[in-house]
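Asker: Mapping the sequence shown onto the numbering used here, position 126 (from 1) lands on 1507, and the numbers just tick up by one.
Glycine included, each C-beta is placed from N, C-alpha and C at the ideal position.
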Amino acid sequence: MTTTTPGGDGRATQPERAPATCGACGGGTREDVARPASTYSPRGDYAVATCETCGSGRTVPVPEPEELNAFYATEYTYDAHLLISAEKRWRARHILDAALPPGAKRVLDVGCMYGYLLEEAKARGVTDAVGVELSSGPAKAASAAGLDVFCGTIEDYAKKDPGVFDLVVAQHVLEHVPEPLAFLREARALLPTGGTLCIAVPNYDARARRVFKEAWGWYQVPVHLHHFGARGLEGLIEQAGFRVERSERRGGDSLFVLMTLLQSVGNMPSSANAKAPSAVSRALVRTASALLRPYYFVGDDELLVVASAR
Ligand SMILES: [Zn+2]
């Protein structure tokens, strides 16, 4: 949280924060979205500023690393995703439909969680499916299930000098990364010329964001540091040494839809509930996961970009 230091007149003053430049294009920002709702922070602690050049968003104030680490240690959990594992696998198959090169043998999934995409890739003949996952619980669970998962960041993994991959995937990772251009350059270094990159992130230009305003479920401040629009994301990917081949929009998953609906009626799902959901909550999520599947085809809450390494 923001710390205060005594000013010369004895009153507490706010310390200077880093200026909020756009994480996609480096442009200047102006505060636009008042105060998004978020599971990870009481309403009002963080806002989103919109880039005046590319239209992407930036969480302000930019949280300090220790502030973020506290959220990841106490509030942030993937547990709810276990309730919709069938939907996660289904979405992973769509990612592979869009991005897996014919005959691909080596696939790297950065932010692989429980390894759903890795298992689907292996089922398609990928012999070397590797995951990178920062969160130790899901990384251990995926390893215990027989998957090849490295616990750490993409930078840590690259230091192992693992060679190059046919496809590098990062789903809902880039918006969490303090330096997204550096992340994409690491991904570029793990691909040969002509290798494929697939990035999925929440879409800041989504129609539902305009309809539901601050209740839109993928603001997730402050753990989402960046809120990419297509223009900003595509420009950033090109800048990192790629040529954009495909840029699509799809609906968010059922957890996103439930979060948006609950927040729109002022019901903030608490992270405590997410860690130990009641039987009723679990049944609600499972039912929603089945019923809301077609939203994938009509919504535009997620950007999916497939690019080739130049
Ligand atoms: Zn920008």
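From Lys-1486, Gly-1575, Trp-1599, Val-1491, pick the residue whose C-alpha is nearest to that of Ala-1520; which is it?
Answerer: The shortest Cα separation from Ala-1520 among Lys-1486, Gly-1575, Trp-1599, Val-1491 belongs to Val-1491.
Asker: How about Leu-1572 and Ala-1690: do their beta carbons lie closer than 7 Å?
Answerer: Contact flag set, yes.
Asker: Where do the N-terminal and C-terminal ends of the alpha helix (DSSP H) with Arg-1691 fall, by residue?
Answerer: Where Arg-1691 is concerned, there is no enclosing alpha helix (DSSP H), given that its DSSP letter is neither H nor E.
Asker: Contact check, His-1608 vs Leu-1555 under 8 Å by CB: the rounded distance?
Answerer: Actually they are not in contact, since the Cβ atoms of His-1608 and Leu-1555 sit about 11 Å apart, beyond 8 Å.
Asker: Roughly how many whole angstroms lie between the Cα atoms of Asp-1413 and Cys-1435?
Answerer: Roughly 14 Å separates the two Cα atoms.
Asker: Nearer than 6 Å: is that true of the beta carbon of Ala-1621 relative to any heavy atom of ligand 1?
Answerer: Ala-1621: no, Cβ never under 6 Å from ligand 1.
Asker: Taking 6 Å as the limit between beta carbons, can you name the residues of its chain near Gln-1601, skipping five residues before and five after?
Answerer: The answer, listed in chain order, is Ser-1419.
Asker: Does DSSP classify Leu-1673 as helix, strand or coil?
Answerer: It is coil, neither helix nor strand.
Asker: Can you pull every residue whose C-beta falls closer than 6 Å to some heavy atom of ligand 1, listed in chain order?
Answerer: Result (chain order): Cys-1403, Ala-1405, Cys-1406, Gly-1408, Cys-1432, Thr-1434, Cys-1435, Ser-1437, Gly-1613.
Asker: Where does Gly-1389 fall in DSSP's three states?
Answerer: A caution first: Gly-1389 carries a pLDDT of 38, below 50, which makes its placement in the model too unreliable to give a value.
Asker: Skipping 5 residues on each side, what residues in its chain have a beta carbon closer than 7 Å to that of Ala-1688?
Answerer: If we look at Ala-1688 and ignore the five residues flanking it on each side, its Cβ neighbours are Leu-1578, Ile-1618, Phe-1623, Arg-1624, Val-1625, Glu-1626.
Asker: From what residue to what residue does the beta strand (DSSP E) around Phe-1623 run?
Answerer: 1623 to 1631 is the extent of the beta strand (DSSP E) around Phe-1623.
Asker: Report yes if the CB atom of Ser-1422 is closer than 7 Å to the CB atom of Pro-1603, and no otherwise.
Answerer: For Ser-1422 and Pro-1603, yes; Cβs fall inside 7 Å.
Asker: Which word fits Asp-1542, buried or exposed, when buried means at least 16 other C-beta atoms lie within 10 angstroms of its C-beta?
Answerer: By the 10 Å Cβ count, Asp-1542 comes out exposed.
Asker: In three-state DSSP terms, what is Gln-1601?
Answerer: It is coil, neither helix nor strand.
Asker: Can you list, in chain order, the residues of its chain with a C-beta nearer than 7 Å to that of Ala-1653? Leave out the 5 residues immediately preceding and following it.
Answerer: Low confidence applies to Ala-1653: its pLDDT is 42, below 50, so where it sits in the model is not reliable, and the reading given next is rough at best. So no residue of the chain qualifies.
Asker: I'd like the span of the beta strand (DSSP E) that includes Pro-1583, first residue to last.
Answerer: First-last of the beta strand (DSSP E) with Pro-1583: 1577 to 1583.
Asker: Mind checking whether Gly-1425 and Arg-1416 have CB atoms under 7 Å apart?
Answerer: For Gly-1425 and Arg-1416, yes; Cβs fall inside 7 Å.
Asker: With a threshold of 6 Å on Cβ separation, who are the neighbours of Ala-1510 within its own chain once the five nearest residues in sequence on each side are excluded?
Answerer: Within the same chain, Ala-1510 has close Cβ partners Val-1488, Leu-1499, Ala-1502, Lys-1503.
Asker: Which full runs of the alpha helix (DSSP H) of 4+ residues lie inside the stretch 1443 to 1498, going along the chain?
Answerer: Within the stretch 1443 to 1498, the complete alpha helix (DSSP H) runs of at least 4 residues are 1446 to 1455, 1460 to 1464, 1466 to 1480.
Asker: Measure the alpha-carbon distance for Asp-1682 versus Ala-1587 and round it to whole angstroms.
Answerer: Cα-Cα distance, rounded: 5 Å.
Asker: Specify the secondary structure class of Phe-1531 as computed by DSSP and reduced to three states.
Answerer: Of the three classes helix, strand and coil, the one that applies to Phe-1531 here is strand, per DSSP.
Asker: So, are the CB atoms of Arg-1631 and Tyr-1677 less than 7 Å apart?
Answerer: Yes, Cβ-Cβ distance for Arg-1631 and Tyr-1677 is below 7 Å.
Asker: Rank Thr-1641, Asp-1634, Gly-1506 by C-alpha distance to the C-alpha of Arg-1470 and give the top, closest one.
Answerer: Minimum Cα distance to Arg-1470 is reached at Asp-1634.
Asker: Could you tell me how far apart the beta carbons of Ala-1401 and Ala-1430 are, in whole angstroms, since I believe they sit closer than 8 Å?
Answerer: That pair is a contact at about 5 Å.
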